[in-house]
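First residue of the sequence shown: 117, per this note's numbering; consecutive thereafter. Presented below is the structure to which this report refers.
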Amino acid sequence: MRKLDTIVREYHWGSRTALAEMRGEPSPSVVPQAELWVGAHPDDPSRLAGCDVPLDAYLAANPAGLLGPASLAAFGPRLPFLLKVLAVDAPLSLQVHPNRDQAVVGFAEHGYRDDRAKPEILVALTEFETLSGFRRPAGTVALLDDLDLPSLTPMRAALSVGDTWGALRWALHAADAGLVAEVASAAVRVPALAHVVELAEFYPADAGVVAALLLNAVRLRPGQAVYVGAGVLHAHLRGTGVELMVNSDNVLRAGLTTKPVDVHAVLSLVDPKPGPPAVLDGEGDDSPLRTYRTPDPEFRLHAVQPGAVLTGGGPQLLLCTKGSVAVKRGGEEVVLRGGESVFLPHSEDPADVAGQGEAFWATTNLT
Numbered sequence: 117m118r119k120l121d122t123i124v125r126e127y128h129w130g131s132r133t134a135l136a137e138m139r140g141e142p143s144p145s146v147v148p149q150a151e152l153w154v155g156a157h158p159d160d161p162s163r164l165a166g167c168d169v170p171l172d173a174y175l176a177a178n179p180a181g182l183l184g185p186a187s188l189a190a191f192g193p194r195l196p197f198l199l200k201v202l203a204v205d206a207p208l209s210l211q212v213h214p215n216r217d218q219a220v221v222g223f224a225e226h227g228y229r230d231d232r233a234k235p236e237i238l239v240a241l242t243e244f245e246t247l248s249g250f251r252r253p254a255g256t257v258a259l260l261d262d263l264d265l266p267s268l269t270p271m272r273a274a275l276s277v278g279d280t281w282g283a284l285r286w287a288l289h290a291a292d293a294g295l296v297a298e299v300a301s302a303a304v305r306v307p308a309l310a311h312v313v314e315l316a317e318f319y320p321a322d323a324g325v326v327a328a329l330l331l332n333a334v335r336l337r338p339g340q341a342v343y344v345g346a347g348v349l350h351a352h353l354r355g356t357g358v359e360l361m362v363n364s365d366n367v368l369r370a371g372l373t374t375k376p377v378d379v380h381a382v383l384s385l386v387d388p389k390p391g392p393p394a395v396l397d398g399e400g401d402d403s404p405l406r407t408y409r410t411p412d413p414e415f416r417l418h419a420v421q422p423g424a425v426l427t428g429g430g431p432q433l434l435l436c437t438k439g440s441v442a443v444k445r446g447g448e449e450v451v452l453r454g455g456e457s458v459f460l461p462h463s464e465d466p467a468d469v470a471g472q473g474e475a476f477w478a479t480t481n482l483t
């Protein structure tokens, strides 16, 4: 096992308190701290504590021994997942990720960062607000009727015949600062659209504010998770959570950002099928190990309490989010405090977790 030095990324939408308090550092921080990264992403790999060796370089020196045969055969000589803590104090961009086939084409022909899909799951540590996937048209039509704005007639007309994609296309192409202001003013009267009012305060001329009318507004309780698969239009709004994803950089943005947007690409990738968001409570109510199952072979996320026994091979990461935990495997023991992490290489030996804290365990989903 190798304890890791983790990476904190600073973005304007981050929190000045969440990560600082998790890590036992002065709070509030000088600048917003948005993401804590644990993994072998080439842009910001974790480093082995005490020797400053990047985790990706460490794995490259012995991929068969450290990753194990199953992970090596399935994903090649790299860690297939990236573990993060997100600390969100302002809205993130309205975005979508490609599936594997789309990513392969995009990487070859359209300048995508890599050829991998980027599904992800987020488990809330605090109450967490997000937008995820399209609300059923009837529900959005009812909200548009509450807004009572003639300027939204084209959106309502598309939804009345079930054309969610057409409604999104209209919103992203037609909305301007005037329409955003009109929608925000009317949304003050509709409690279910309070998030739209807030989005307009951050992005008063952004078409993403109007597009947000189409999406499910989700409020996760601590311990609940939301799964975001390929093509799911989403935007995180507020809260702190642990996120696990395929190790990819493929993000296509539609709005709610100062970064470049690609509306054409988003419309080509987005899954217009409406329905409830993929909210998960996890499995293992009476166990110190709660598992959040997703369909992707690259990753599986587990919430860990003291008393848990971690079994199974392949590369693994353990991140402490509260208190302290000790992980023991064979004759080794590593103690973690809030915000600290450890890499567990492939082994058939179990690892025991003790202490008085909470942690998250990232594994592959091959077994």
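Positions of the beta carbon are idealized from the N, C-alpha and C atoms, including for glycine. Predicted, not measured: the structure shown is a model, and the values here were computed from it.
Do you know whose CA, among the options, lies nearest residue i's CA?
| i | options | result |
| --- | --- | --- |
| Q149 | H157, T133, L265 | T133 |
| H128 | P144, R163, V204 | V204 |
| T373 | V325, A478, V344 | V325 |
| R305 | P413, P338, L330, L263 | L263 |
| F318 | G454, L135, A206 | A206 |
| F459 | V220, S162, I123, A219 | S162 |
| A290 | D160, P431, D397, P270 | P270 |
| P393 | L188, P413, L329, V334 | V334 |
| P214 | V367, A165, L175, A316 | V367 |
| F223 | L188, A303, D365 | D365 |
| L295 | A310, T280, A274, L329 | L329 |
Rounded to a whole number of angstroms, what is the C-alpha to C-alpha distance between residue i and residue j?
| i | j | result |
| --- | --- | --- |
| P307 | V299 | 13 Å |
| M138 | L426 | 23 Å |
| D261 | V348 | 25 Å |
| T479 | P193 | 15 Å |
| R272 | A233 | 32 Å |
| D172 | K119 | 14 Å |
| A180 | V277 | 54 Å |
| P320 | E456 | 38 Å |
| V469 | S131 | 29 Å |
| G429 | E314 | 45 Å |
| G371 | A136 | 29 Å |
| T256 | P185 | 48 Å |
| E464 | L199 | 22 Å |
Quick one: is residue i buried, meaning 16 or more other Cβ sit within 10 Å of its Cβ, or exposed?
| i | result |
| --- | --- |
| S350 | In the sequence as presented, Ser is not what sits at residue 350; that position holds His. Label assigned to H350: buried. |
| T437 | buried |
| Q432 | buried |
| P376 | exposed |
| D322 | buried |
| Q472 | exposed |
Exercise for the section: Mind the definition here: the segment 281-297 touches the segment 376-389 only if three or more C-beta pairs lie below 8 Å; say whether that holds. Expected result: Segments in contact, yes.
Handout entry: Inter-stretch contact (C-beta, 8 Å, three-pair minimum) for the segment 403-418 and the segment 450-458
Key = no
Practice task
Jot down the residue ranges of each uninterrupted beta strand (DSSP E) in the segment 243-284, minimum 3 residues, whole runs only, in chain order.
Solution key: 244-250
Problem - Complete alpha helix (DSSP H) runs within the segment 288-362 (minimum length 4 residues, chain order) - result: 293-303, 310-318, 324-327
Practice task
Please determine if the segment 237-244 and the segment 336-345 are in contact, where contact requires at least 3 C-beta pairs separated by less than 8 Å.
Solution key: yes
Problem - Contact between the segment 215-235 and the segment 249-258 (3+ Cβ pairs under 8 Å) - result: As far as the Cβ criterion goes, the segment 215-235 does not touch the segment 249-258, which means the pair count is below three.
Practice task
Could you tell me which uninterrupted beta strand (DSSP E) segments, each at least 3 residues in length, are contained entirely in the segment 374-404, listed from first to last along the chain?
Solution key: 394-396
Handout entry: 4 or more residues per run - each alpha helix (DSSP H) lying fully within the segment 154-200
Key = For the segment 154-200, whole alpha helix (DSSP H) runs of length 4 or above, ordered along the chain, are 171-177, 179-183, 185-191.
Practice task
At 3 residues or longer, and completely inside the segment 409-470: list those beta strand (DSSP E) runs for me, N to C.
Solution key: 416-420, 432-445, 448-453, 457-460
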